[in-house]
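Novice: Have a look at the structure that comes next, please.
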Amino acid sequence: MRIAVYLAHPRPGSFNHALSDAVIDELSTRGAEVISHDLYAEGFDPALTAAETGTVDAATPSADDHVTRHRAEIADLDALVFVHPNWWGMPPAILTGWVQRVLVPGVAYKLGTADGEPAGLLRAARALVLNTSDTPADREREEFGDPLQRVWAACVLPYVGVTDVRRMVFRTVTDSTGAERAAWLQEARDQAVALLHGT
1 MRIAVYLAHP RPGSFNHALS DAVIDELSTR GAEVISHDLY AEGFDPALTA AETGTVDAAT
61 PSADDHVTRH RAEIADLDAL VFVHPNWWGM PPAILTGWVQ RVLVPGVAYK LGTADGEPAG
121 LLRAARALVL NTSDTPADRE REEFGDPLQR VWAACVLPYV GVTDVRRMVF RTVTDSTGAE
181 RAAWLQEARD QAVALLHGT
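Quick note: the sequence shown uses the UniProt record's numbering, first residue 1, plus one each step.
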């Protein structure tokens, strides 16, 4: 199984990095082919260009080699993993830009279908989103309505053909203990195994 892990946190040594490392290790140990991307370390440019706003052919290269490589890779994946913090109810700008530049019409979905709905083009049917947050769960739910759940499970992933969207939030990170973090890393590993096996 071919799985890509996308990490979006600018600070090396963050708990997001630890989550990403744990998932990559678990998936690799269990025989998955893992492609890992630390978007900040790679210097991925999140700025969508005017030339990238139309429908493209998956084989047509972008002026940005990073974008071309990511578009080519995503077509051959079986599952996706996203690891990022909750910032203002959104993914970090670098990951939002990745979505806008990589998951484009002609690569990740097709417009103009007979029923007027977009058709997802990705082979990947499953995705796991791991978020960190400093907002308590009840406040997230009651005041904000869990915007990241809507972003990933309603707006982005189903649009490109991912039908099985799993998400786990680790909170509150800032005041967490070492024991809590160790337990969370094990939960992330368990979620990675479940994603791998579709259970």
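C-beta: ideal position from N, C-alpha, C; glycine also.
Since the structure is predicted, the reported quantities are computational estimates derived from the model, not experimental observations.
Considering only C-alpha positions, which residue in the set A32, R123 and E26 is nearest to Q186?
Specialist: The shortest Cα separation from Q186 among A32, R123 and E26 belongs to E26.
Novice: Taking CB distances under 9 Å as the criterion, tell me whether G54 reaches chain C.
Specialist: The structure shown contains no chain C, having only a single protein chain.
Novice: Just checking my contact of R166 with A22 at CB under 8 Å: how many whole Å lie between their CB atoms?
Specialist: That belief does not hold up - the Cβ atoms of R166 and A22 are roughly 16 Å apart, past 8 Å.
Novice: Which one or two residues does DSSP pair with A119 in a beta bridge?
Specialist: In the DSSP output, where bridge partners are listed per residue, A119 has K110.
Novice: So, with DSSP's three-state summary, where would you put S14?
Specialist: Here S14 sits in coil by DSSP.
Novice: Locate the alpha helix (DSSP H) running through T96, then write down its first and last residues.
Specialist: A93 to V102 is the span of the alpha helix (DSSP H), which, as asked, contains T96.
Novice: Please classify R139: is it buried, with 16 or more other beta-carbons within 10 angstroms of its beta-carbon, or exposed?
Specialist: It is exposed - the Cβ of R139 has fewer than 16 other Cβ atoms within 10 Å.
Novice: In chain order, what residues of the same chain have a beta carbon less than 7 Å from the beta carbon of F144, not counting five sequence neighbours either side?
Specialist: So the qualifying residues of the chain are G89.
Novice: Measure the alpha-carbon distance for N131 versus T55 and round it to whole angstroms.
Specialist: Between N131 and T55, the C-alpha separation is close to 31 Å.
Novice: Pick helix, strand or coil for W88, following the three-state DSSP scheme.
Specialist: Three-state result, W88: coil.
Novice: So, does the stretch 3-13 touch the stretch 89-107, judging by three or more C-beta pairs under 8 Å?
Specialist: With the cut-off at 8 Å, the stretch 3-13 and the stretch 89-107 touch.
Novice: Who are the Cβ neighbours of P46 in its own chain at under 6 Å, not counting the five residues just before and after it?
Specialist: So the qualifying residues of the chain are A93, I94 and G97.
Novice: For R126, which residues of its own chain have a beta-carbon under 6 Å away from its beta-carbon, when the five flanking residues on both sides are left out?
Specialist: Counting only Cβ-Cβ distances below 6 Å, and skipping sequence neighbours, we find A79, D164 and L195.
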